[in-house]
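Q: Residue numbers for the sequence shown follow the working numbering, beginning at 6 and rising by one.
C-beta atoms are modelled at their ideal positions from N, C-alpha and C, and glycine is treated no differently.
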Amino acid sequence: MALRWGIACTGQVCHDFLTAMATLPAGEHQVVAVAGRDLQRAKDFAQLHKIPEAYGSYEQLAQNGDIEIVYIGSVCTEHYKMAKMYLNYGKNVLCEKPLTLTVRETEELIELARKKKLFFMEAIWSRFFPVYEYIRQELAAGTIGDVVQINANMTILQEDGSRIKNKALGGGTILDFGVYVLQLVVMVLGARLPEAVAAVGHLNATGCDDATAIALKYPGGKTAMLGTSALADMNNDAYIWGTKGCIKIIDPFWCPTKVVCGNVTKEFPLPPGAHPYFNRNSSGFRYEATEVKRCIRQGLLECPKMTHQESITIAKIQEEVLRQIGVTN
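1) Any idea if residue 215 is buried or exposed, counting beta-carbon neighbours within 10 angstroms, 16 or more meaning buried?
2) Could you give the distance in angstroms between the alpha-carbon of residue 160 and the alpha-carbon of residue 179?
3) Do residue 289 and residue 134 have their CB atoms nearer than 8 Å?
4) If I measure Cβ to Cβ from residue 267 and keep anything under 6 Å in the same chain, skipping five residues before and after, which residues do I get?
5) If distances are taken between C-alpha atoms only, which option among 86, 51, 222 and 322 comes closest to residue 64?
6) Measuring CB to CB, does residue 156 end up less than 8 Å from residue 243?
7) Go ahead and pull the three-state DSSP assignment for residue 156.
8) Tell me the DSSP secondary structure of residue 225 in three-state form.
9) Please determine, among 168, 198 and 283, the residue with the shortest C-alpha to C-alpha distance to residue 23.
10) So, using beta-carbon positions, are residue 96 and residue 75 closer together than 8 Å?
11) Looking only at its own chain, which residues have a Cβ that is under 7 Å from the Cβ of residue 293, when we skip the five neighbours before and after it?
12) Just to confirm, is the Cβ distance from residue 217 to residue 201 under 8 Å?
13) Relative to the ligand GTP, is the shortest distance from any of its heavy atoms to the C-beta of residue 111 smaller than 7 Å?
14) If you measure between the beta carbons of residue 125 and residue 108, is that distance less than 8 Å?
15) Give me, in chain order, the residues of the same chain whose beta-carbon lies closer than 6 Å to that of residue 35; leave out the 5 immediate sequence neighbours on both sides.
16) Contact check, residue 82 vs residue 316 under 8 Å by CB: the rounded distance?
17) Less than 8 Å between the beta carbons of residue 302 and residue 25, yes or no?
18) Expressed to the nearest angstrom, what Euclidean distance is found between the alpha-carbon atoms of residue 298 and residue 27?
19) According to DSSP, is residue 197 helix, strand or coil?
20) Who are the near neighbours of residue 143 in its chain, counting only those whose CB is closer than 8 Å to its CB and skipping five residues on each side?
21) I believe residue 309 touches residue 184 by the beta-carbon criterion, under 8 Å. Please report the beta-carbon distance rounded to the nearest angstrom.
22) With a floor of 3 residues, list each beta strand (DSSP E) that falls wholly inside the segment 260-333, ordered by position along the chain.
23) Please go through the segment 13-72 and give each complete alpha helix (DSSP H) segment of 4 or more residues, from N-terminal end onward.
24) Roughly how many angstroms lie between the CA atoms of residue 206 and residue 235, to the nearest whole one?
25) Is residue 151 buried or exposed, if buried means 16 or more other CB atoms sit within 10 Å of its CB?
26) Can you tell me which of 43, 66, 11 and 69 puts its alpha carbon nearest to the alpha carbon of residue 54?
27) If residue 44 sits next to residue 59, beta carbons under 8 Å apart, how far is it from one beta carbon to the other, in whole angstroms?
28) For residue 241, which of helix, strand or coil comes out of DSSP?
29) Going by DSSP, which residues form a beta bridge with residue 214?
30) Just to confirm before moving on: does the CB-CB distance between residue 15 and residue 37 stay below 8 Å?
31) Using the rule of at least 16 other Cβ atoms within 10 Å of the residue's Cβ for burial, across every protein chain shown, is residue 232 buried or exposed?
32) Given this structure, state the Cα-to-Cα distance separating residue 167 from residue 41, to the nearest angstrom.
33) Is it true that the CB of residue 172 sits closer than 8 Å to the CB of residue 147?
34) So what's residue 166 in DSSP terms, helix, strand or just coil?
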C-alpha cells in the first residue's frame, strides 16, 4: 500500500524530494496534497508534480484526512510551529533539518510525537545513502579498527543575499551545515555528548555565523575536527580514522555516491530525475522516503538509523557551539 504524503512548502528542497521520490517504483508512495503560503504557487507546484490537491494554507493540509505523513521543507524558523501543528492533527512528520532552532523546542516536539504515538524524524537524508550503509557495515566489522578521529568540513560559497547569511531567516552555517558534520560524528561515535567542545567562528553583519571551526573531545582519546563555511567552496571530503585504516567519504560527504575504505573503492550511482534538481545528488532523497515508509509500515515511532536521541545530541552540540561563538537568539 502506498504511503500517502502531504507536502508543506513549495520550495527547492520539496521539489527535489518529490522528483527523487518519483524515481521509485509506482505505487510505493502517493502525494495527496501540497500547501504553501501562495495558493497560485502551490497550484503550479501541484501541476508540475501531478499532485491532486493544492492549498494556500498549511492548516488546510493538516485537515486532509487522507494524509498519513507530512514532509516539512519550509525555512527552519517555521519548523517548530509547523511540526507541532501537524503532530497535534495526528500526522506523522518528516521535518527537514535543523529540526528546530533550540534544544528545548526539539525535545518538546519529540515528547509530543511520543505522546501522540506518531512517527517523527529529522530529515537528515545522509543517513540513508548506500554509502552510509556501507560505512556502518565496515565500522561494525572492525575494518579500520577503533575509530580515533573524524575530520569533516561542509563549505559552500553563498552570495550575500542568501538565506544562510541572514539571521532573521534562520541562517548561519552551524544550523544549515553544522548538522551534517555533527551527524557524521554522532553516527560513528554514538549519541553521547562529547567531554569537551571548543569552537571559534566569524559572525556577519546580521549576527549569524558564516564560518566556524569546531573541535570535539570524546572518552578514550577520540576527537573530531569539523568546519563549516559560507565564504568559499573548499574540499568537502570526510575522513573516519581508525587504528587500522581510514574511511574516506568523497565530496560531497553529506550526499555521497563514492567511498574509499582502505584499498577498496565503492561507488553507488544515482538515477536521473524527470525534472532538473536544484541541489547536488538530490536523487538520494529516494532512500530517505523508502526508509520512512518502512518504519511507518512496521509501526515504528522513530527511525533506528536516525533516532530522536541523535537529534537531541546534535541540537545540544549546536547550541553550545553557537553560545561559544557569540550567536544569540
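A: Let me lay it out:
1) buried
2) 11 Å
3) yes
4) 250
5) 86
6) It is a contact, given that the beta carbons lie within the stated cut-off.
7) strand
8) helix
9) 283
10) yes
11) For residue 293, where only same-chain residues beyond five positions count, the Cβ hits under 7 Å are 128, 130 and 133.
12) Contact: no.
13) Of the ligands one can find in the structure shown there are none, so the ligand GTP has no counterpart to examine.
14) no
15) 7 and 9
16) Taking 8 Å as the upper bound for CB-CB distance, residue 82 and residue 316 are not in contact here, some 18 Å apart.
17) No, they are not a contact pair.
18) 14 Å
19) coil
20) 149, 252 and 266
21) That pair is no contact at about 19 Å.
22) 263-266 and 269-272
23) 17-26, 44-54 and 63-67
24) 12 Å
25) exposed
26) 11
27) Rounded, the Cβ-Cβ distance is 7 Å, consistent with contact.
28) DSSP places residue 241 in coil when its eight states are reduced to three.
29) Listed as beta-bridge partners of residue 214 by DSSP are 208.
30) no
31) buried
32) 21 Å
33) no
34) coil
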